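The opening position of the sequence shown corresponds to residue 1 in full-length UniProt numbering, with each subsequent residue numbered one higher.
One structure is given here, and the rest of the page talks about it.
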Amino acid sequence: MSKEQISGQHDRDWMIAEVSVVPGVRDVVVFSVDGLLLAGSAGLGRDRAERLAATCSGLQSLGRALGQEFGTGDGLVRHQMIEFDGGFLFLRSADGAHLAVVADPVVDPRQVARAMQAQVLKIGAANLSSPARQETPQ
């Protein structure tokens, strides 16, 4: 990881701070709608964090498609939870912020959900948008 990437990661650590301390939480990532990693747990490692972000973005997309087909609105997905052998995956979205949490099999889902809700509202869309490209003079 380059010095700039490390510095950028430390600047975004606040994005996962509240959720990372919930008992039973193993890994946390914040990702953009297109699956780009914005912040991740320290112990997760860059490659695994990027794979988790990309996979969760795909799950969000599937959830939107299901919501559009079977829901009553525009397919907006707020929560997802998947149980697998050895743990849970929680996904939470609000205002363009996407947060994924991998937790141990013994965890309080309500506590995770409350922390995730508070965190995505703090992150918000403004922190996930990229600045507009500036046209370069030719």
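Here a beta-carbon is modelled for each residue, glycine too, at the ideal position from N, C-alpha and C.
These figures come from a predicted structure and were not determined experimentally.
Residue range 46-70 is occupied by the alpha helix (DSSP H) that includes S57. Across the structure, A65 and T72 are spaced so that their CA atoms are roughly 12 Å apart.
F84 and A103 have their alpha carbons spaced roughly 10 Å apart. For D27, the secondary structure class from DSSP, reduced to helix, strand or coil, is strand.
In the structure shown, S20 falls within a helical segment according to DSSP collapsed to helix, strand and coil.
The C-beta distance from V112 to F90 rounds to 5 Å, short enough to fall under 8 Å.
Scanning its chain for C-beta atoms nearer than 7 Å, with the 5 sequence neighbours on each side dropped, one finds around E18 the residues A115, A118, Q119, in chain order.
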